[in-house]
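A.B. asks:
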Amino acid sequence: MSFSFDVKCELCAVEVKNSCCKVAMLYGMLLFAQHIGKDEIRVVTENVLVANSLNTLAYDVFGVYFAMEETANGYTLTLKGDVLDSVFDRLYIDVNGKLSLAVSSVITEKSCCVNAFLRGAFMVGGYVSNPENRYHFEISTSYYTLAKSFCGFMRRHDLPARTVVRKSSYVVYFKESEAIERFLYLTGAKTAVFAFMDVKIQKEMNNYSNRVNNTRMHNIEKTINKSVEQVKSINKIAEKIGLDFLEPDLAFAARLRLENPDKSLNELAKLCGGKFSRSGLNRKLARLSEIASKLED
Ligand SMILES: [Zn+2]
């Protein structure tokens, strides 16, 4: 199953104690229903646990169950009849005239209810991609006024939401991993938050080891460039005046470098058998380059 599916399963297991939060969560679920009308509310979900949660809440709050039907893509839950009037009344949904859905500030007044409302909204209308692939979070609706109102609601709660139109849907989304983590944390998807943290740590580790490798490569390159320069100088001296005419220590250093062009200064110093220290050898090689620079090309 998808990451999103697992998150919804986790949210279904969050215990909702307060009756205010039960209303808020059910409100979130129903606002993001596929259809809200005078005649019926129709909710579609692919997740049986979400369907069961909705019915448990509907029973707790209104004493009714939605009729549940299994379809090829999941489950369709429908509520019809006289009970709709009291549902719409209680949830501040005005279905008379042109439907203009907006997030009720009365139902979402308390912070416990904000979290419950967001949880319900995500469970029916939401999708979050696996953080191993990319960071993307969205909640979609077919109602424009709801998308606008919900986007503002998220922003007021420090969730940097934006909206985009996709086919016949209005999508409220964000792509910042911190925002997704915050949403998951607020709504109670703790395991999903840890999954995000794991991925981030893994990515940081990879970056770190890339940086270390780059530094190592850079150092190797520097050693090689230096050695190429030194070998060039020594060859020039050998060609113009001959190495035997150098002082014995310089001649020794020159031959050592010519025989070991791939070695770093440290490695070369070790090959001296105590004759020169690292810095002593470095001075000899610098001296050779200086002599070469004074010779005519
Ligand atoms: Zn509450």
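My numbering applies: residue 894 is where the sequence shown begins, and numbers increase by one. Beta carbons are placed, not taken as given, at the ideal position from N, Cα and C, and that holds for glycine. A quick note: this is a predicted structure, and the numbers were derived from the prediction, not measured.
(1) Tell me whether Thr949 sits in a helix, a strand or coil according to DSSP, three-state version.
(2) Which runs of the alpha helix (DSSP H), 4 residues or longer, sit entirely within the segment 906 to 981?
(3) Which residues share a DSSP beta bridge with Tyr1063?
(4) Considering only heavy atoms of ligand 1, does any lie closer than 7 Å to the CB of Ala965?
(5) Under three-state DSSP, which class holds Gly1019?
(6) Taking 5 Å as the limit, tell me which residues put their C-beta closer than that to any heavy atom of ligand 1, in chain order.
(7) Can you tell me where the alpha helix (DSSP H) holding Val988 begins and where it ends?
(8) I'd like to check one pair, Arg1171 with Leu1188: are the Cβ atoms closer than 8 Å?
(9) Quick one: residues in its chain with C-beta nearer than 7 Å to the C-beta of Ala1082, no 5 flanking neighbours on either side, listed in chain order?
(10) I'd like the ranges of any alpha helix (DSSP H) spanning at least 4 consecutive residues and lying wholly in the segment 1100 to 1172.
(11) Which first and last residues belong to the alpha helix (DSSP H) in which Glu880 is found?
(12) So what's Met1090 in DSSP terms, helix, strand or just coil?
(13) Name the residue from Arg1148, Asp1190, Ile1127 whose alpha carbon lies nearest to the alpha carbon of Leu1181.
(14) For Lys843, tell me which candidate among Ser1033, Lys1041, Leu1052 has the shortest Cα-Cα distance.
(15) Could you give the DSSP three-state label for Ser1182: helix, strand or coil?
(16) Quick one: Cα of Thr938 to Cα of Gln1095, how far?
(17) Just to confirm, are Val1017 and Phe925 a CB contact at a threshold of 8 Å?
(18) Nearest to Ala1009 by alpha carbon, out of Val909, Glu1183, Val1121, Leu1178?
(19) Quick check: the segment 920 to 934 against the segment 978 to 998, are at least 3 beta-carbon pairs closer than 8 Å?
C.D. replies: For this structure:
(1) helix
(2) 912 to 924, 941 to 955
(3) Thr1034, Val1058
(4) no
(5) strand
(6) Asn911, Cys913, Cys914, Lys1003, Cys1005, Cys1006
(7) Here Val988 belongs to no alpha helix (DSSP H), and DSSP marks it neither H nor E.
(8) no
(9) Val900, Glu903, Leu904
(10) 1141 to 1152, 1158 to 1164
(11) The structure shown does not extend to residue 880, since the chain is modelled only from 894 through 1190, so no value can be given for it.
(12) helix
(13) Ile1127
(14) Only positions 894 to 1190 of the chain appear in the structure, and residue 843 is not among them; the question remains open.
(15) helix
(16) 33 Å
(17) yes
(18) Val909
(19) yes
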